[in-house]
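Q: Residue numbers (this note's numbering): -5 to 353.
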């Protein structure tokens, strides 16, 4: 019999039941149509497999990281008069496309870095397979079809998450001046304990791939300063001269030998780390109220506006062959002004692992 698989498109719909080999974040739903001539078959099983292929120099390896399937009865097929056959539509879970590349310098016999470079490439490829079975369960026909998600996905939504206790990540603030200087010029502000709070969900960014690049994507991260309720009489009047340096770290590694921990073999693996730095100046509003009623701290919240770098455009991945991870380091400098006009310098620094989900 003649059978045809048509790829209709990709959508960000609710994810149906699927079987994923490792723990991955849901991405997209693949729509397809199967057309066949009438013949005796009982059921059809259609499956989508995602296989990660890694190539470093002359070495190559593959790893299956995703499998989802759907069983369709013959009674679910409908007649197509134009094709004089049977048709059925299917909806399958799929993750977004993934491509990594890089290079590593070769070492000379004396251990120094040479001029030659070993190129590497890593790609997640998909394939559809339809198995037609008779009543006894035997396969009477098998059809395969490659799927190129990079041509099907016109837009995507990236969600950035930071770890935290509950809904927030907290970090204590440290004074950048010495204790003796604080005691002489800035007392009692130097004894004021403060903390900065970053939400678990940093934001959502919509991306639309174009030939000229992704374009600028803005991300507004709420930052909250907290002063304990017990700090009565030392509540700051204002927070001034605030500057934040944001460092975006992107680490990618892939190879042809499974990574079980420790250092990767440089002959069969590629590792690269990049950093993008941004500087922002912002201001905090005054602390609300003279006395917190239901809360345990005085708070002041502002928004840190950052541009998402082009290096952060793919989902976080961790398999035995490939790993792509992100970190955001925030280093803040500011002055705290007391009710009597005295000032004290503060410094805050935190480095958060960032999980990027693309759907």
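Idealized CB from N, CA, C, for every residue including glycine.
Cα separation between residue 360 and residue 38?
A: Nothing about residue 360 can be reported from this structure: the residues present for the chain run from -5 to 353 only.
Q: Determine the contact status of residue 122 and residue 315, defining contact as a CB-CB distance below 8 Å.
A: Taking the first residue of the chain shown as position 1, residue 122 is located at position 128. Taking the first residue of the chain shown as position 1, residue 315 is located at position 321. No.
Q: If you compare alpha carbons, which of 22, 35, 90 is closest to residue 130?
A: Reading the chain shown from its first residue, position 136 is the one you call residue 130. Among 22, 35, 90, the Cα nearest to that of residue 130 belongs to 35.
Q: With distances taken from CA atoms, which of 32, 117, 330 is nearest residue 237?
A: On the chain shown, residue 237 is found 243 positions in, with the first residue counted as 1. If we check each option's Cα against that of residue 237, 330 comes out closest.
Q: For residue 91, count neighbouring C-beta atoms within 10 Å of its own C-beta (all shown protein chains included) and say buried if the count is 16 or more, exposed if not.
A: Reading the chain shown from its first residue, position 97 is the one you call residue 91. By the neighbour-count rule (16 or more Cβ atoms within 10 Å), residue 91 is buried.
Q: Could you pull out every residue in the same chain whose Cβ sits closer than 8 Å to the Cβ of residue 88, ignoring the five residues on either side in sequence?
A: Sequence index remark: in the chain shown, residue 88 carries index 94 (1-based). Only 4, 21, 22, 23, 24, 42, 44, 60, 62, 120, 141, 143 meet the Cβ criterion.
Q: For residue 278, write down the residues that DSSP places opposite it in a beta bridge.
A: Translated into positions along the chain shown, residue 278 becomes position 284. Beta-bridge pairing links residue 278 to no other residue.
Q: Take residue 205 and list the residues in its own chain whose beta-carbon comes closer than 6 Å to its own, dropping the five residues that flank it on each side.
A: The residue you call residue 205 lines up with position 211 of the chain shown. Legend: pLDDT at residue 205 = 47, less than 50; position of this residue unreliable, value from coordinates given subsequently. None.
Q: Roughly how many whole angstroms lie between the Cα atoms of residue 252 and residue 317?
A: Within the chain shown, numbered from 1, the residue matching residue 252 stands at position 258. Within the chain shown, numbered from 1, the residue matching residue 317 stands at position 323. Cα-Cα distance, rounded: 11 Å.
Q: Excluding the five sequence neighbours on either side, which residues of its own chain have a C-beta within less than 7 Å of the C-beta of residue 277, listed in chain order?
A: By 1-based counting over the chain shown, the position of residue 277 is 283. Excluding sequence neighbours, residue 277 sits near 236, 296.
Q: Quick one: what's residue 129 bridged to in DSSP?
A: Reading the chain shown from its first residue, position 135 is the one you call residue 129. Looking at the DSSP assignment, residue 129 forms no beta bridge with any residue, so it has no partner.
Q: What do you get for residue 28, buried or exposed, if any count of 16 or more other CB atoms within 10 angstroms of its CB means buried?
A: Position 34 of the chain shown, counted from the first residue, corresponds to residue 28. So residue 28 ends up on the buried side.
Q: Output the boundary residues of the alpha helix (DSSP H) element that contains residue 92.
A: Locating residue 92 in the chain shown gives position 98, counting from the first residue. Careful: residue 92 lies outside any alpha helix (DSSP H) and carries neither H nor E.
Q: If you draw a straight line from the alpha carbon of residue 346 to that of residue 193, how long is it in whole angstroms?
A: Position 352 of the chain shown, counted from the start, is the residue given in the question as residue 346. Position 199 of the chain shown, counted from the start, is the residue given in the question as residue 193. Those two C-alpha atoms are separated by around 11 Å.
Q: Just curious, the alpha helix (DSSP H) that residue 48 is in, first and last residue?
A: Looking up residue 48 in the chain shown gives position 54. Careful: residue 48 lies outside any alpha helix (DSSP H), inside the beta strand (DSSP E) at 37 to 50.
Q: Sort 51, 259, 267 by Cα distance to residue 246 and report the nearest one.
A: On the chain shown, residue 246 is found 252 positions in, with the first residue counted as 1. Nearest C-alpha to residue 246: 267.
Q: For residue 2, which residues of its own chain have a beta-carbon under 8 Å away from its beta-carbon, when the five flanking residues on both sides are left out?
A: Locating residue 2 in the chain shown gives position 8, where the first residue counts as 1. Contacts found: 25, 26, 27, 83.
Q: Quick one: using the 10 Å Cβ neighbour count with 16 as the cut-off for buried, is residue 269 buried or exposed?
A: For this step, residue 269 is matched to residue 275 along the chain shown. Residue 269 should be labelled exposed.
Q: Please state the DSSP three-state secondary structure of residue 343.
A: Taking the chain shown and counting its residues from 1, one reaches residue 343 at position 349. Looking at residue 343 - three-state DSSP - the assignment turns out to be strand.
Q: Residue 354 and residue 336: beta carbons closer than 8 Å?
A: With the chain covering -5 to 353 only, the question about residue 354 has no answer from this structure.
Q: Identify every residue that forms a DSSP beta bridge with residue 22.
A: Working through the chain shown from its first residue, we reach residue 22 at position 28. BP columns for residue 22 point to 88.
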